[in-house]
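Q: Using the working numbering, the letters of the sequence shown map in sequence onto residues 7 to 117. Mind having a look at this structure? Questions to follow.
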Amino acid sequence: MSIDIEQFHGVFFDESDEHLDDMEQLLISLDVDSPDPEELNSIFRAAHSIKGGSGIFGFNALMNLTHVMENLLDKARNQEISVTTNIVNLLLETLDAVSYTHLRAHETGRN
Numbered sequence: 007m008s009i010d011i012e013q014f015h016g017v018f019f020d021e022s023d024e025h026l027d028d029m030e031q032l033l034i035s036l037d038v039d040s041p042d043p044e045e046l047n048s049i050f051r052a053a054h055s056i057k058g059g060s061g062i063f064g065f066n067a068l069m070n071l072t073h074v075m076e077n078l079l080d081k082a083r084n085q086e087i088s089v090t091t092n093i094v095n096l097l098l099e100t101l102d103a104v105s106y107t108h109l110r111a112h113e114t115g116r117n
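As structure tokens, this is what we get:
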């Protein structure tokens, strides 16, 4: 029995949009002087979810980009690096790239 994985694209795009919205709100409100570990975990998990889904669907560039985000967030949540305003701004810019460059391109078939 063969499963047409493309039937799940819509769910992936909807869930990814929700993850991106959550990540954006958490990053905007993140206290860089004393980041909340649970907020960092939530941001990490959202990136991890997008990475996993994009890998399942073969969206390799999207998977690789979110993997880099995930690695950076993992270092921040494990206190291997300090969260700075520059890092938050970089992550916010990356969210735009994930959303507008990658997700929308796959969703509209322009990938």
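For each residue, glycine too, the CB sits at the ideal point set by N, CA and C. If you're wondering where the values come from, they're calculated on a predicted model, not measured in any experiment.
1. What residue from T107, G16 and R51 has the CA that sits closest to L32's CA?
2. Just checking my contact of A103 with L79 at CB under 8 angstroms: how many whole Å lie between their CB atoms?
3. Report, in whole angstroms, the separation of the C-beta atoms of D38 and V89, which I expect to be a contact under 8 angstroms.
4. Apply the 10 Å Cβ neighbour rule to I9 and answer buried if 16 or more other Cβ atoms are within range, or exposed otherwise.
5. Sort T91, Q13 and S105 by Cα distance to M69 and report the nearest one.
6. With 16 as the cutoff for other CB atoms within 10 Å, does E99 come out buried or exposed?
7. Note down, in chain order, each residue of its chain lying with its Cβ closer than 6 angstroms to the Cβ of S55, except the 5 sequence neighbours on either side.
8. Is the separation between the beta-carbon of G59 and that of S22 shorter than 8 angstroms?
9. Have a look at N95, R110 and N84 and flag the residue whose alpha-carbon is nearest the alpha-carbon of S46.
10. Going straight from the alpha carbon of L36 to that of L96, what length do you get?
11. For A82, which of H15, D27 and D42 has the nearest alpha-carbon?
A: Reading off the structure:
1. R51
2. Not a contact, Cβ separation roughly 16 angstroms.
3. Here residue 38 is Val; the residue named in the question, Asp, does not match the sequence. So it is a contact: roughly 5 angstroms between Cβ atoms.
4. exposed
5. S105
6. exposed
7. H25
8. yes
9. Per the sequence presented here, residue 46 reads as Leu, with Ser not at that position. Nearest of N95, R110 and N84 to L46, Cα basis: N84.
10. 14 angstroms
11. D42
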